[in-house]
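Below is one structure; the comments refer to it alone.
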Amino acid sequence: MSIEQLAETAQAMVARGKGIIAIDESTSTIKKRFDSVGIENIEENRRAYREMLLTTPKLGDHVSGAILFDETLRQKTADGTPFVEVMKKAGVIPGIKVDKSTHPLAGCPGEVITEGLDGLRDRLKEYYRLGARFAKWRAVINIGDDIPSGTCIEANSHALARYAALCQEQGLVPMVEPEVIMDGSHDIQTCYEVTEAVLRSLFGALYEQNVMLEGTILKASMVVSGKDCPEQADVEEVAEATLMCLKSTVPAILPGIVFLSGGQSDEKATAHLDAMNRIGNLPWPLSFSYGRAMQSAALRIWAQDMKANVARAQETVYARARDNGLAALGQWPGADAA
């Protein structure tokens, strides 16, 4: 695939008023979500749940793409239609999570490295053949006493860059996700400094690996106070700090930035995105790539009756997509109440 085609896909992923729904939970992660609402974690229930999400009427009005798990990319609806075909018909671009999760980083207590580069080229070839047109790799950066270390930041940046280069080689737009974790008692200034260091390292590594930024999407965490910090930054502080950090680190040629919710409440994730877009004057579109913040309310409804409540759950999915789509335009009507 040419860089023009990669750039076209990347631009479609951040189309005006649209964002990404992340439904790429691993089997163990979806088990935690299912356990919380009393659903058995079996393949058929996972398939039925993802079908409910992906067949939401008018989903493509506010959702440009969906990140899938390996199992989900291969699944079909109850009537035998491949999920990929359902998505294409709705105007939703199929994406795929390709990392193999985090593992302890040797020599760096309390820090982790994301693995999965071995065999990635062949997996990407298969994913492209199955219909995926973008991929995602998540790195995890913890904040704590004397961490993150430069070693951790550089190791994860290098892995993200190698993954991104392999994606583009195989015709997939890489979504690079260096998540700075909210857990901890650190203040917003500490989060800013860590996020800035991580993004500077990331874009340096992407440059060194000859990754074409015009065919790349950044999935970023917002600059927020740690969950246990006694002084929580308000919506405007988060919006201003996040934008300042991004403007100082992210090249303008990037097609767009999507945010992870990272454990924020549904409403806070939407309010922060809306506030950033209200400030405006940005070199790139800012949108969403939310998982829990798009799904949690719908999952609770669906779990009450997995057959009778499909339509009600889908109404909630659409409402969350619509709210976040409006926030991507700086037009979320709930801003005054947030």
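Residue numbers (this note's numbering): 39 to 376.
Heads up, the beta-carbon is just placed ideally off N, CA and C, and yes, glycines get one too.
Option in the options with minimal Cα separation from residue i
i	options	result
Val214	Lys265, Ile134 and Val262	Ile134
Asp414	Arg238, Glu275, Phe72 and Glu207	Look at the range of the chain in this structure, 39 to 376, and you will see that residue 414 is not part of it.
Leu97	Gly253, Ser259 and Thr354	Thr354
Glu274	Gly129, Lys306, Tyr328 and Leu320	Lys306
Ala366	Pro321, Thr308 and Val348	Thr308
Lys126	Leu92, Asp137, Phe107 and Thr152	Leu92
Gly55	Arg360, Glu153 and Asp184	Arg360
Phe107	Ile68, Ile226 and Thr152	Ile68
Per DSSP, the bridge partner or partners of residue i
i	result
Leu106	Ile61 and Ile134
Tyr230	Tyr230 is not bridged to any residue.
Thr152	Thr140
Leu256	Val214 and Ile295
Leu324	Ile295
CA-to-CA distance, residue j to residue i, given in whole angstroms
i	j	result
Arg88	Pro216	25 Å
Gln247	Met282	26 Å
Glu192	Gln369	38 Å
Leu111	Ala144	33 Å
Val249	Ile339	42 Å
Gly209	Ala235	29 Å
Leu155	Cys205	11 Å
Gly13	Ile59	Not covered by the structure: residue 13. The range shown for the chain is 39 to 376.
Val348	Pro95	11 Å
Val75	Ser303	18 Å
Pro120	Gln113	6 Å
Ile61	Phe72	13 Å
Thr152	Ser64	14 Å
As assigned by DSSP and simplified to three states, the class of residue i
i	result
Ala32	Here the chain has residues from 39 to 376 only, and residue 32 is not among them.
Lys174	strand
Ser263	coil
Glu269	coil
Gly209	coil
Val75	helix
Val101	strand
Lys96	coil
Ser286	coil
Pro120	strand
Ile181	coil
Ser195	helix
Presumed contact (8 Å Cβ cut-off) between residue i and residue j, rounded CB distance
i	j	result
Ala331	Ala277	Rounded, the Cβ-Cβ distance is 16 Å, inconsistent with contact.
Ile179	Val124	About 35 Å; that fails the 8 Å criterion.
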